[in-house]
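K.L.:
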Amino acid sequence: MKKLAVVAFGGNALLRGDQAGTIDEQEKNALDTCERLLTLINRGYNVVLTHGNGPQVGNILLANAAGFQIHNLPEMPLDICVAYSQGFIGYVLEQQLRNVLRTHELDRDIITIITQVLVDKDDPAFQNPTKPIGPYYTKEVADKITIENGSVFKEDPRGRGWRKVVASPKPLVISNQRSIENLARDGQIVIAVGGGGIPTFFVAENKLQGIDAVIDKDLASALLAGNINADKFFILTDVPKVCINYNTPQEKSIDRMSVKQAKNYIEEGHFAEGSMAPKVRAAIHFVKHTGRDAIITSAPVLGIDNGGTRISIV
Ligand code: ADP
Ligand code: MG
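Going by my numbering, the residue at position 234 of the sequence shown is 267; the numbering climbs one at a time, nothing skipped.
1) Quick one: what's got a C-beta closer than 7 angstroms to Gly230's C-beta in the same chain, skipping five residues either side?
2) Are the Cβ atoms of Glu60 and Gln129 separated by less than 9 angstroms?
3) Using the three-state DSSP reduction, which class does Asn420 fall into: helix, strand or coil?
4) Would the beta-carbon of Leu37 fall within 9 angstroms of that of Ile224?
5) How close, in whole Å, do the beta carbons of Gln221 and Arg141 come, if the pair is a contact with beta carbons under 8 angstroms?
6) Across the stretch 262-275 and the stretch 313-331, are there enough close Cβ pairs to call them in contact, namely three or more that are closer than 8 angstroms?
7) Might you give, ordered along the chain, the residues of its own chain that have their beta carbon closer than 7 angstroms to the beta carbon of Gly259, omitting 5 neighbours on each side?
8) Which residues are close to ligand 1, meaning CB closer than 6 angstroms to any heavy atom, in chain order?
9) To the nearest angstrom, report how far apart Gln89 and Ala263 are at their CA atoms.
10) By alpha-carbon positions, which one of Asn79, Phe42, Gly50, Arg76 ends up nearest to Asp65?
11) Quick check on the DSSP output: the alpha helix (DSSP H) that includes Met309 runs from which residue to which?
12) Does at least one heavy atom of ligand 3 sit under 8 angstroms from the Cβ of Val150?
13) Val40 to Leu269, Cα distance in whole Å?
14) Hey, would you say Arg196 sits closer than 9 angstroms to Gly167, going by beta carbons?
15) Starting from the Cα of Met34, find the closest Cα among Leu256, Thr179, Ala217 and give me that residue.
16) Please name the residue, chosen from Asp245, Ala305, Gly307, Arg314, that lies closest to Met290 on a Cα-to-Cα basis.
17) Excluding sequence positions up to five away, which residues of its chain have a Cβ less than 6 angstroms from the Cβ of Tyr170?
18) Just to confirm, are Val236 and Lys154 a CB contact at a threshold of 9 angstroms?
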């Protein structure tokens, strides 16, 4: 039986902070990213691809707000915007991956799955929303929106205005998990859990509904990778290795760490919240769940022996 890998791409694999976000840029980045996957495919892996959506859903939210202000179009809630972004990014990745496979005369089918992820409406994260999303507003406009619909706003630390904040609850159940696994084990390349998944919850026993929240894509990807018993879990970002004492004169890159060491480093504050810490936590989740290794690295290092930082059980 072929081995199964889950590969989580960071948002920068498709759109970097210094880019405007044109489709040409995103197609070019997607092509580069998809070419990196060849190493794994040539090594005989079945592949599930997951991805971030920060820059894309950011732009969708801005367009949404402008549509409301200029054309009085109804504003779409965040779960719908995440769904847009999954379809859009899935399409772009799928098309470029098809081009790469054709160029290398590889015959694999690809399928994008719009993925809902269940969260708990009593998750403590909802008591303290932290994830800023969408446009910056003046205090007056932010207050007005809060009165209208209860949205929570926080002042931007860099003084750019007031921005809506939403919670980042824990992912609990991945809705299409069985299909994702079956398709991938059957040899199709599956793109799923985009942006961490569309957050949903049960308002009543048989009534599923979207909710204003952002699920961490590294955690959701780790949940999937563990549940479908993947042989390897790769988290691809823009640094080749995880470091301790990051950005200090004592900075040191890590080749290997055990779950215990990784937990210690988290406690000692070596990994920034909101960037590296969730990746290391996601890796720990996968390794504890499966006993297998997780690797945090950058796309060019994917599948290269001893590349990146390996997290293992001991
Ligand atoms: P992604 O889009 O891939 O999720 P993030 O920006 O969220 O990317 O996370 C990757 C970033 O984490 C790196 O660019 C790096 O600046 C930052 N980072 C924070 N702490 C560390 C650390 N200890 N070692 C390496 N990178 C770190
Ligand atoms: Mg990130």
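Yeah, the Cβ is synthetic: ideal placement off N, Cα and C, and Gly gets one too. Since this is a predicted model, take the numbers as computed values, not measurements.
P.N.:
Let's see:
1) Thr148, Gln149, Val150, Pro204, Ile207, Ile248, Ala253
2) yes
3) This structure cannot speak to residue 420, because the chain is shown only from 34 to 347.
4) no
5) 7 angstroms
6) yes
7) His318, Phe319, His322, Thr323
8) Gly43, Gly44, Asn45, Gly85, Thr270, Asp271, Val272, Val275, Cys276, Tyr279, His303, Phe304, Ala305, Ser308, Met309
9) 28 angstroms
10) Phe42
11) 309-323
12) Ligand 3 is not among the ligands present in this structure, which contains only ligand 1 and ligand 2.
13) 7 angstroms
14) yes
15) Ala217
16) Arg314
17) Gly194, Trp195
18) yes
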